Structure formats: structure tokens, C-alpha cells
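According to the numbering used here, the sequence shown is numbered sequentially starting from 197. In what follows, a structure is listed as C-alpha cells, so that the remarks can point back to it.
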Amino acid sequence: MIAIKTERELELVAENARLLRETLRELVRRVEPGVTTAELDQWAERSLRAAGAVPAFKGYQGYPATVCVSVNDEVVHGIPSPRRVLREGDVVSLDLGLRRAEYYADAAVTVAVGQPAAEALRLVVAVLDALRAAIEAIKMGAHVSDLSYAIESTARKHGFYPVREFVGHGIGRSLHEDPQIPNFGPPGFGPVLREGMVLCPEPMLKGDDLPTRVLPDGWTVVTGGGTLAAHFEEMVAVTADGPWVLTEWIGEEIWGKRN
Ligand code: MF3
Ligand code: CO
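So this is what it looks like as C-alpha cells:
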């Protein structure tokens, strides 16, 4: 069952999405050589709480932190640590979720520490393109797998591969609501999109087509071939006028301004 949000609910979700985007943007400004991933996490948690929100991931199925910080070949769910010091050239995915007034918000961006290598830049451009294609597929009457197809075909066009083991999702009163949104597959399948749905497409792309692995910490997902991975996620409402990007293209804004 895919929840349909009322106009009032959509306003609340949009407000939370704006708080999330501002927090992510400030978090990105704190990414620099020498900072630890635990320092980024602490800043994010304090900032959310000061705004009257609570971290959405902390405690979720036992996840121990506010942010997922996934570096280089880490795909998603990297656990912040005071021992993980960021270095020039690292490719860092920051995934942040919050809850405020009963509603969740969730988004992710990937940034480089200092100057990105050419391959890292190519990967980021590919994921941003895949996310844009997925968002453009969000319209009343479309099928969920139209997003999946948009992501996979865009990834392949750029010479990268989608992560198959993790999906995008609906969001609202729960962090993860129906439908699941795979990052691969043919178009025309799955539930039909209706006005008032809120979706989180989250393309995760990488340089190899091997299965991902989970590290012994039980969370950190890494690419099977040790290749770079990148991940972006935005929150999008289905409206009669097309996709309403509640997180206001935070991924594109960050890359437009930083690089
Ligand atoms: N954005 C991710 C998701 O939608 C983050 C979840 S991390 C977890 O699943 F710790 F909460 F699981
Ligand atoms: Co998500």
C-alpha cells in the first residue's frame, strides 16, 4: 500500500525536506582534509536536535549514528568513526535522515575532499544524471520501474553499474514506505504513481558489476571489485504538475557551487 499524502501532510514533509537540505549543505561545508567522519556525525546530530528534529537513522535496526558516511569503495551505510580521517581526493557519500512532527526526511549527496580525480568526477556526473532521469520519470500514471529503468540506462550510458542490493523507497510517517525503487530493471512494471505519493529515488553507481559485500561491522557496504561508488538521493512528491523535488536538487546545487 502506497500512502497518499494530503496537502497539509505534503507541507510538513516539504518543511522537513528543506531542513534536511540545509543541514546537508552545511555538513558538506565541513568536509575537508583532516576532519574525521565522527566529527561530521556529531555536528549533524547537534544541528538536527537544535532545529527540533531527531536523527532518523540512529537506532534504526540498530544503526549507531546520525549520518552514513561512505568513503571511496564504500557504497552506503558507512559508520562514522573518530579513526576515519578524510584525505584529499576521497569521495564521500553523506546520507542523512531526520524526523520532526511525525514525518521523516531522507537525502544523500556525494562530495569530493578537495579536488576530485577525473574518474571520481565522471562517476558523480553519472549519478547526478541518473537521478535527474529518475526524477523526470516521476509523473502521474508512470510505473515505479520507469525510475529503475531511467537509472540503469543512464548508468550504462556513462559506463557505470547500478547497485542491485539496495533500493530507493517511499517516505512519510515511516522512513521506508512502499514502494521499493530498484536501481535497475525494465520499464513499465510495479505500482502506478499517483498524486500525493512521496518517493526517495536513490541511485547508487559503481565501476564494477560484481555483488557488493557487507564488512564485518555488519553495516558498511563496499563494492565487490574495490571500485569507487557514489550515491545521491532526493525526496520527490508526485503532483499533477509533475515531480516536486522537496529537497530542491541539493545534489546538483552542491556540485554547481563547489566544482
Ligand atoms: N538513505 C538510507 C535509506 O534510505 C539510509 C538508511 S541508513 C540506516 O535506507 F541506518 F538507517 F539504515
Ligand atoms: Co533513503
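The beta carbon of each residue, even a glycine, is placed where N, CA and C say it ideally should be. The model shown is predicted, which means the values in this text are computed figures rather than measured ones.
Length of the line joining the Cα atoms of Lys402 and Val434: Here the question's residue 402 lines up with position 206 in the sequence shown. Here the question's residue 434 lines up with position 238 in the sequence shown. Cα to Cα, the separation comes out at about 28 angstroms.
Compare the C-alpha of Asp189 against each of Asp404, Lys335, Pro358, Glu228 and name the closest. Outside the shown range of the chain, which is 197 to 455, sits residue 189, and nothing can be said about it.
Scan the region 324 to 379 and note each continuous alpha helix (DSSP H) run of 4 residues or more that stays entirely inside, going in chain order. Listed in chain order, the complete alpha helix (DSSP H) runs (minimum 4 residues) inside the region 324 to 379 are 340 to 353.
State yes or no: is the C-beta of His365 nearer than 7 angstroms to some heavy atom of the ligand CO? In the sequence shown, residue 365 corresponds to position 169, counting from 1. True, at least one ligand heavy atom lies under 7 angstroms from that Cβ.
What is the residue span of the alpha helix (DSSP H) that Ala308 lies within? For the purposes of this step, residue 308 is taken as residue 112 along the sequence shown, with counting starting at 1. Element bounds for Ala308: not the alpha helix (DSSP H) but the beta strand (DSSP E), 299 to 308.
Based on the DSSP secondary-structure assignment, which residues constitute the bridge partners of Pro251? Your numbering for residue 251 matches position 55 in the sequence shown. Answer is Leu294.
Excluding the 5 residues preceding and the 5 following Leu236 in the sequence, name in chain order all residues of the same chain whose CB lies nearer than 8 angstroms to its CB. Position 40 of the sequence shown, counting from 1, holds the residue named residue 236. So the qualifying residues of the chain are Leu223, Arg226, Val227, Val263, Val265, Pro276, Leu290.
With hydrogens ignored, establish whether the beta-carbon of Asp302 is closer than 7 angstroms to any heavy atom of the ligand CO. Stepping through the sequence shown from its first residue, residue 302 is reached at position 106. Indeed, a heavy atom of the ligand CO lies less than 7 angstroms from the Cβ.
If you measure between the beta carbons of Asp342 and Ala333, is that distance less than 8 angstroms? Counting from 1 along the sequence shown, the entry for residue 342 is found at position 146. Counting from 1 along the sequence shown, the entry for residue 333 is found at position 137. Yes, the pair counts as a contact, with Cβ atoms nearer than the cut-off.
Please tell me whether, using a cut-off of 7 angstroms, the distance from the CB of Cys396 to the nearest non-hydrogen atom of the ligand CO is below it. Counting from one through the sequence shown, the residue named residue 396 turns up at place 200. Yes, the ligand CO has a heavy atom inside 7 angstroms of this Cβ.
Classify Pro397: buried if its beta carbon has 16 or more other beta carbons within 10 angstroms, exposed otherwise. Position 201 of the sequence shown, counted from the first residue, corresponds to residue 397. When all chains shown are included, Pro397 counts as buried.
Only counting the same chain, and skipping five residues up and downstream in sequence, which positions put a Cβ closer than 7 angstroms to that of Ser344? By one-based count along the sequence shown, residue 344 stands at place 148. Counting only Cβ-Cβ distances below 7 angstroms, and skipping sequence neighbours, we find Ile377, Pro378, Asn379, Phe380, Gly381.
Throw me the rounded Cβ distance for the Ala308 and Val287 pair, which I believe falls under 8 angstroms. Against the sequence shown, residue 308 aligns to sequence position 112. Against the sequence shown, residue 287 aligns to sequence position 91. With 8 angstroms as the limit, Ala308 and Val287 qualify as a contact, their Cβ atoms being about 6 angstroms apart.
Taking C-alpha atoms, which residue in Gly386, Gly355, Asp302 lies nearest to Phe442? Along the sequence shown, read from residue 1 onward, the residue named residue 442 stands at position 246. The sequence given here places Leu at residue 442; Phe does not occur at that position. Closest by alpha carbon: Asp302.
Going by other Cβ atoms of all chains shown within 10 Å of its Cβ, with 16 needed for buried, is Arg328 buried or exposed? For this step, residue 328 is matched to residue 132 along the sequence shown. The residue is buried, with at least 16 neighbouring Cβ atoms inside 10 Å.
Determine the DSSP secondary structure at Leu395, reduced to helix, strand or coil. For this step, residue 395 is matched to residue 199 along the sequence shown. DSSP places Leu395 in strand when its eight states are reduced to three.
Could you work out which residue in His339, Gly355, Ile331 is closest to Val321 when comparing CA atoms only? Position 125 of the sequence shown, counted from the start, is the residue given in the question as residue 321. Val321 has its Cα closest to that of Gly355, out of His339, Gly355, Ile331.
Exposed unless 16 or more other CB atoms sit within 10 angstroms - verdict on Asn212: Position 16 of the sequence shown, counting from 1, holds the residue named residue 212. Its Cβ being crowded by 16 or more others within 10 Å, Asn212 is buried.
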